[in-house]
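The structure appears below as structure tokens.
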Amino acid sequence: MALTKEKTVNSVYHQVGLSKSQSRTVVETLFEIIKSTLEKGEDLLISGFGKFVVKEKAARRGRNPQTTEDLQLRARRVVVFKTSGVLRNKINGGS
Amino acid sequence: MNKSQLIEALARAEGLPLKKAEEVVNTVFGDMEKALIQGDRVEIRGFGSFKVKQYEGYTGRNPKTGEMIKVAPKKLPFFKVGKELKERVDVY
Numbered sequence: 001m002a003l004t005k006e007k008t009v010n011s012v013y014h015q016v017g018l019s020k021s022q023s024r025t026v027v028e029t030l031f032e033i034i035k036s037t038l039e040k041g042e043d044l045l046i047s048g049f050g051k052f053v054v055k056e057k058a059a060r061r062g063r064n065p066q067t068t069e070d071l072q073l074r075a076r077r078v079v080v081f082k083t084s085g086v087l088r089n090k091i092n093g094g095s
Numbered sequence: 096m097n098k099s100q101l102i103e104a105l106a107r108a109e110g111l112p113l114k115k116a117e118e119v120v121n122t123v124f125g126d127m128e129k130a131l132i133q134g135d136r137v138e139i140r141g142f143g144s145f146k147v148k149q150y151e152g153y154t155g156r157n158p159k160t161g162e163m164i165k166v167a168p169k170k171l172p173f174f175k176v177g178k179e180l181k182e183r184v185d186v187y
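Those sequence lines, one after another, are chains A and D. If you read the first sequence in the working numbering, its first letter stands for residue 1, the second for the next number, and so on. If you read the second sequence in the working numbering, its first letter stands for residue 96, the second for the next number, and so on.
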């Protein structure tokens, strides 16, 4: 079963001892802070979890593989996630 | 921004004591970590989703020494950026 925002709201409600509606607001605010940080082009490092990195991608020539049509892809700014070594070991059954 | 700065920003925005904000951040990322360790997906709408991908092992080469090395199969979380975040970050 996938973890959703609603489940994290429930965990905050049960574990942190805020009211249900406050738990919901706080989780929303947390993700809004994360999004606006990345929007500013600033990376976010959560030690033990991973790093969200904003990357500048240069414009490049691409090709539609279906039609083989050549096209120009514009410069973009994207978010990539790099898993922390600690989490990576835990996922692979290490300690 | 690192985790303690995120905690401070959350405390300020919500008028919460630092300790509470820290518990919130640890709870949310702790839930995500637990889900990924179990191999479950994480779906936060507007932010993104994670799923654990299985990568095959392969024989690689140390580019410095030319030495052949076996790379073991591994699992890694893959983050797919959500629509809202993708559009907000792509300022061009």
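The beta carbon of each residue, even a glycine, is placed where N, CA and C say it ideally should be. Treat the numbers as computed from the prediction; the structure is a model and nothing was measured.
Nearest-angstrom beta carbon gap, residue j and residue i [assumed within contact, 8 Å]
| i | j | result |
| --- | --- | --- |
| residue 123 of chain D | residue 27 of chain A | 6 Å |
| residue 87 of chain A | residue 130 of chain D | Their Cβ separation, rounded to whole angstroms, is 11 Å, which puts residue 87 of chain A and residue 130 of chain D out of contact at 8 Å. |
| residue 33 of chain A | residue 104 of chain D | 5 Å |
| residue 57 of chain A | residue 79 of chain A | No, residue 57 of chain A and residue 79 of chain A are not in contact; Cβ-Cβ is about 11 Å, not under 8 Å. |
| residue 44 of chain A | residue 184 of chain D | Not quite, the Cβ-Cβ distance comes to about 12 Å (not below 8 Å), so this is no contact. |
| residue 150 of chain D | residue 171 of chain D | 6 Å |
| residue 126 of chain D | residue 82 of chain A | Actually they do not touch by this definition, with Cβ atoms about 20 Å apart. |
Best match in the options for proximity to residue i [C-alpha to C-alpha]
| i | options | result |
| --- | --- | --- |
| residue 9 of chain A | A/17, A/84 and A/23 | A/23 |
| residue 163 of chain D | D/169, D/155 and D/170 | D/155 |
| residue 54 of chain A | A/35, A/70, A/68 and A/63 | A/35 |
| residue 30 of chain A | D/136, D/133 and D/142 | D/142 |
| residue 15 of chain A | D/169, D/107 and D/121 | D/121 |
Endpoints, the alpha helix (DSSP H) within which residue i is located
| i | result |
| --- | --- |
| residue 188 of chain D | In the structure displayed, chain D extends from 96 to 187; residue 188 of chain D sits before or after that span and is not available. |
| residue 24 of chain A | 20–39 |
| residue 11 of chain A | 5–16 |
Contact test: residue i Cβ vs the ligand HEM heavy atom, cutoff 7 Å
| i | result |
| --- | --- |
| residue 92 of chain A | Of ligands this structure carries none, so the ligand HEM is not represented either. |
Residue i - DSSP class collapsed to helix/strand/coil
| i | result |
| --- | --- |
| residue 56 of chain A | strand |
| residue 138 of chain D | strand |
| residue 186 of chain D | coil |
| residue 125 of chain D | helix |
| residue 74 of chain A | coil |
Endpoints, beta strand (DSSP E) assigned at residue i
| i | result |
| --- | --- |
| residue 66 of chain A | Here residue 66 of chain A belongs to no beta strand (DSSP E), and DSSP marks it neither H nor E. |
| residue 1 of chain A | Neither: residue 1 of chain A is in no beta strand (DSSP E) and is coded neither H nor E. |
| residue 112 of chain D | Here residue 112 of chain D belongs to no beta strand (DSSP E), and DSSP marks it neither H nor E. |
| residue 143 of chain D | 143–150 |
Identified DSSP bridge partners for residue i
| i | result |
| --- | --- |
| residue 132 of chain D | In DSSP, residue 132 of chain D forms no bridge with anything. |
| residue 83 of chain A | A/50 |
| residue 164 of chain D | D/155 |
| residue 61 of chain A | A/72 |
| residue 44 of chain A | A/52 |
| residue 180 of chain D | BP columns for residue 180 of chain D are empty, so no partner. |
| residue 175 of chain D | D/144 |
| residue 90 of chain A | None; residue 90 of chain A has no bridge partner. |
Interface flag, residue i vs chain E, CB-CB below 8 Å
| i | result |
| --- | --- |
| residue 113 of chain D | This model lacks chain E altogether; the protein chains it does include are A and D. |
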